[in-house]
Amino acid sequence: MSGIFNHLRRGFGENMRFALLAVRTHKLRAVLTVLGIVVGVATVIAMVSIVTGFNNNMVRNFQSFGATLVQFQKFEARFGPGRRDPSERRRKDLHYEDAVALKESIPEMRAVSPERYLWNTDVSVKYRDNETTTPVVAGVNQDYPIANNHYVGYGRFITETDFLHSSSVAVIGEDVRNILFPREDPLEKVVNFNGEDFVIVGVLEKKGNAFGGSNDNFFLIPFSTFDRKFPQIKNSGGDTIHIATVPYTPEQVPLIIEKGTALLRARRHVPFNKPNDFAIFTPDKLIESFQGITRGVTLAMVFIAFISLLIGGVGVMNIMLVSVTERTREIGVRKAVGAFRRDIVMQFLTEATTLSVLGGAIGVIVGVAVPAAIKRVFAALPAETPLWAVVVGLLVSMSVGIFFGLYPAVKASRLDPIEALRYE
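Throughout, this note's numbering is defined as the position within the sequence shown, counted from one, plus 12.
In structure tokens form, the structure reads like this:
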């Protein structure tokens, strides 16, 4: 048994030596041969790295809302541009009274946060010589931190008293604080928001970027104050709100979805045989939808890489057929001195596999380097190279070498030694 093993080991070593010698002898030919494999493997790894990094980053962003968030809203969540379906645009708005009904009727809801946002209106928040015009302005109530998993870093949040009295108070995000108060404590400072003075009572904890934008650029005021200051939004017929809710325990998520859906359908007079005329947002649903998109993108990239690998494999087969023709006399000599067919097959198969693995290794290096460079240049574009992508890249390149090198190897082994020795 050990003798057979030693024979195979010596044979493999000799075949590797022949394969590397052939590569060194025909450098340009070897490079051109493996180019398709390099491109294919590099494409697979680079695309998988970018898609994986982007996917993981988006999942983390969704999870930052909190695992138990259930948000009721007018429109369906979607990714990318495009016009909404006309039936979706005709939906009735959600109102503050809907949020009150949810809070009063569903005891399993720990927090109910009605939120109205300021869109298509110029914003100016000033403090002395500093000004910001980019914050997201929203009217919220005291349940906002719990419902959105976004708490105050220091100071306090908006209270029920602030809501009842329509107080001119505000809670700001870290981006707003950095612009308006770069070197001083913002608490109890008075800022001018669109012509009205507001007292800063709290600063939200820093959460970083999310969905390509900052999650710290907020200017939050009491819901009632928002409606007092911007009555045209509430009275314009486009006063829809988002209603963020969370249960007391994760196990209650399906229950509050069921009860909340039933309550809103009843309030909005949706017939029993019609679908909901509102959307339900949960992190799990968005993650599932987003991953469906990324899976499609990944499959498209893998198909493109497969075509490239196919071209590379044809190149390997072609060059091995040329090699068999060039070395016909060598094959004849080996067979004449006692080489078996399997020895010839292994010799040429090893050479084809060596070429492919060499191309795969270069492809792995390029495939890892490209996402790393993109991540360094474009910090907002995440890229993570999973280990399995590297392993798959090498295995695929080896498989290409074996598959496309098998026919030339078998053809070489079938040569008649006498005819081969006569070949010129």
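Think of the CB as a built atom: it goes at the ideal place given N, C-alpha and C, for glycine as much as any other residue.
No experiment lies behind these values; they were computed from the predicted model shown.
Query raised in the report: Per DSSP, what kind of secondary structure is Ile118 in: helix, strand or coil?
Result: coil
Requested in this report: Kindly indicate which three-state DSSP category Asp174 falls into: helix, strand or coil?
Outcome: helix
Query raised in the report: When the distance is taken between beta carbons, is Ala291 closer than 8 Å to Glu88?
Result: Note that the C-beta distance between Glu88 and Ala291 is below 8 Å.
Query raised in the report: Hey, is Gln264's beta-carbon within less than 8 Å of any beta-carbon in chain D?
Result: Absent from the structure: chain D. Only one protein chain is present.
Query - Backbone secondary structure at Ala89 - three-state DSSP - result: coil
Report task. Specify the secondary structure class of Gly165 as computed by DSSP and reduced to three states. Result -> strand
Query raised in the report: In terms of residues, what are the limits of the beta strand (DSSP E) holding Pro234?
Result: Here the beta strand (DSSP E) through Pro234 covers Phe230 to Pro234.
Query raised in the report: Ends of the alpha helix (DSSP H) at Glu100?
Result: Pro98 to Arg101
Query raised in the report: Can Lys271 and Ile118 be called in contact, C-beta distance under 8 Å?
Result: Yes. Within cutoff.
Query - Start-to-end residues for the beta strand (DSSP E) that takes in Val282 - result: Taken as a continuous stretch (DSSP letters only), Val282 belongs to no beta strand (DSSP E), as it is neither H nor E.
Report task. At 4 residues or longer, and completely inside the segment 177-210: list those alpha helix (DSSP H) runs for me, N to C. Result -> 186-192
Requested in this report: Return the first residue and the last residue of the alpha helix (DSSP H) that Val412 is part of.
Outcome: Leu399 to Ser425
Query raised in the report: Does the distance from the CB of Thr257 to the CB of Ala113 come in under 8 Å?
Result: For the pair Thr257 and Ala113, the CB atoms are not nearer than the 8 Å cut-off.
**Report entry** For Val43: DSSP bridge partner residues
**Finding:** Looking at the DSSP assignment, Val43 forms no beta bridge with any residue, so it has no partner.
Requested in this report: Report the three-state DSSP secondary structure of Gly379 (helix, strand or coil).
Outcome: helix
Query raised in the report: Do the CB positions of Ser179 and Thr237 come within less than 8 Å of each other?
Result: yes
Report task. Return yes when the Cβ of Ile49 is within less than 8 Å of the Cβ of Gly308, no when it is not. Result -> no
Query raised in the report: What did DSSP end up calling Tyr156 once you bin it into helix, strand or coil?
Result: helix
Requested in this report: In angstroms with no decimal places, state the Cα-to-Cα distance between Glu208 and Val265.
Outcome: 40 Å
Report task. Could you check if Gly220 is buried or exposed, using at least 16 other CB atoms within 10 Å of its CB as the buried criterion? Result -> exposed
Query raised in the report: Applying the criterion that 16 or more other CB atoms from any shown protein chain within 10 Å of the CB defines a buried residue, is Phe210 buried or exposed?
Result: buried
Query raised in the report: CA-CA distance, Glu217 and Gly413?
Result: 55 Å
Query raised in the report: Taking the DSSP output, what are the residues bridged to Ile255?
Result: Under DSSP, the beta-bridge partners assigned to Ile255 are Phe84 and Pro126.
Requested in this report: Give the DSSP bridge partners of Val215, in chain order.
Outcome: Tyr166 and Ile184
Query - Straight-line gap, Tyr129 to Leu199 (C-alpha atoms, nearest Å) - result: 23 Å
Requested in this report: With a 10 Å radius around its C-beta and 16 neighbouring C-beta atoms as the bar for buried, classify Pro283 as buried or exposed.
Outcome: Here Pro283 is exposed, its C-beta having fewer than 16 other C-beta atoms within 10 Å.
**Report entry** Cutoff 7 Å; reference Lys115; Cβ partners in own chain excluding five residues on either side
**Finding:** Met121 and Val124
**Report entry** Three-way DSSP call (helix, strand, coil) for Glu363 in this model
**Finding:** helix
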